[in-house]
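Enquirer:
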């Protein structure tokens with residue numbers, strides 16, 4: 001029977017754990033229940049050169065490799081003071097030796113309600129509760145190996161199993177684009193600041209954007225202009241001056257903004273707003289005529 005294209009694609013994406021080398025020493029997870037503020041608990045583990053996963057049913061799970069990731073590259077998950085939060089950690093160097101594709105990536109997020117993340121949370125809570133106490137060493141070792149495999153499976157699932165060079169590049173570029181999208185309003189957003197926040201060199205950032213120095217700045221400019229165009233054609237923003245809209249999206253120089261806007265859309269910001277108002281007026285007039 002001929003395999004469907006979808007089945008073939010899935011087969012290519014699946015990376016069985018059996019094809020990976022045995023995990024090195026230091027990959028046995030240690031699980032503790034959070035008893036302090038989240039930031040303090042995570043920082044204490046990271047200082048021990050251990051990577052830490054924050055696991056809770058009330059929030060998205062997160063993997064942090066170091067303090068830089070925790071403090072600058074992501075917003076820590078929000079958890080209620082009464083929530084059960086578990087911190088699962090492994091030796092950072094061992095994890096990076098086994099899964100080197102994690103180096104340089106932003107913090108990973110896990111779904112704790114279903115999939116491997118839910119299994120990992122259950123395993124972590126049982127370990128913290130001491131379910132392995134009293135078991136013989138051989139049994140404990142085998143069960144801990146299952147937990148380690150579950151941890152690796154969860155990470156690979158989060159990466160969508162794309163551990164190739166191209167897959168890592170796409171994953172990293174996706175997160176950097178998201179970082180840029182959420183900061184387009186910042187006037188001082190530059191390739192240098194983006195690279196620093198992402199933990200990579202400026203040269204590596206350029207390579208993610210097709211290797212051209214102007215590609216990053218060009219993408220930022222294009223996204224800002226598109227957002228401004230959307231605001232100018234949105235009646236909800238009619239009361240806002242054009243200069244204020246431009247300022248809200250990172251433009252401080254009015255002349256530079258007007259020139260770039262005309263280059264992209266073939267008309268001035270004022271003309272675009274007027275055309276949109278006329279078009280909306282005609283639509284409203286047509287609608288009123290139809291209701292008579």
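Residue numbers (the UniProt record's numbering): 1 to 292. Where a beta carbon is used, it is the ideal one built from N, C-alpha and C, also for glycine.
Within 10 angstroms of the Cβ of residue 127, are there 16 or more other Cβ atoms? Answer buried if so, exposed if not.
Expert: buried
Enquirer: Residue 66: which of 156, 91, 114 and 56 sits nearest, CA to CA?
Expert: 91
Enquirer: Could you tell me the distance, in whole angstroms, from the CA atom of residue 64 to the CA atom of residue 135?
Expert: Distance between the alpha carbons of residue 64 and residue 135: 31 angstroms.
Enquirer: Between the alpha carbons of residue 276 and residue 105, how many angstroms are there, rounded?
Expert: The alpha-carbon atoms of residue 276 and residue 105 are separated by roughly 42 angstroms.
Enquirer: Say whether the region 106 to 124 touches the region 208 to 223, bearing in mind that this needs 3 or more beta-carbon pairs closer than 8 angstroms, one atom from each stretch.
Expert: no
Enquirer: Within the continuous beta strand (DSSP E) that includes residue 32, where are the two ends?
Expert: 30 to 33
Enquirer: Quick check: residue 273 and residue 249, are their CB atoms within less than 8 angstroms of each other?
Expert: When the beta-carbon positions are compared, residue 273 and residue 249 stay at least 8 angstroms from each other.
Enquirer: Is it buried or exposed for residue 201, if we count other Cβ within 10 angstroms and need 16 for buried?
Expert: exposed
Enquirer: Is the separation between the beta-carbon of residue 116 and that of residue 148 shorter than 8 angstroms?
Expert: no
Enquirer: Please state the DSSP three-state secondary structure of residue 162.
Expert: In this prediction, residue 162 scores a pLDDT of 47, lower than 50, which makes its location untrustworthy; the coordinate-derived value is nonetheless stated afterwards. Coil, per DSSP.
Enquirer: Taking just the CA atoms, how far does residue 235 sit from residue 279?
Expert: Their backbone Cα atoms lie some 11 angstroms apart in a straight line.
Enquirer: Is residue 84 near residue 56, with beta carbons less than 8 angstroms apart?
Expert: yes
Enquirer: Consult DSSP for residue 91 and reduce its assignment to one of helix, strand or coil.
Expert: In this structure, residue 91 counts as strand in the three-state DSSP scheme.
Enquirer: Are the beta-carbon atoms belonging to residue 252 and residue 187 less than 8 angstroms from one another?
Expert: yes
Enquirer: Residues in its own chain within less than 8 angstroms of residue 113 by CB, not counting five upstream and five downstream?
Expert: 57
Enquirer: Measuring only the C-alpha atoms, how far is residue 233 from residue 195?
Expert: Residue 233 and residue 195 have their alpha carbons spaced roughly 33 angstroms apart.
Enquirer: Would you mind working out which of 29, 266 and 189 sits nearest residue 140, comparing C-alpha positions?
Expert: 29
Enquirer: Once you ignore the five residues that flank residue 150 on each side, which residues in its own chain have a CB closer than 7 angstroms to its CB?
Expert: Cβ neighbours of residue 150 beyond the five flanking positions: 116, 119, 120 and 123.
Enquirer: Could you check whether residue 158 and residue 95 sit closer than 8 angstroms to each other, using their CB atoms as the reference points?
Expert: In this structure, residue 158 does not lie closer than 8 angstroms to residue 95 by Cβ.
Enquirer: Verify whether the separation of the beta carbon atoms of residue 34 and residue 87 is less than 8 angstroms.
Expert: yes
Enquirer: Cutting at 8 angstroms between CB atoms, please list the residues of its own chain near residue 281, excluding the five before and the five after it.
Expert: Cβ neighbours of residue 281 beyond the five flanking positions: none.
Enquirer: Who are the near neighbours of residue 175 in its chain, counting only those whose CB is closer than 8 angstroms to its CB and skipping five residues on each side?
Expert: 105, 106 and 198
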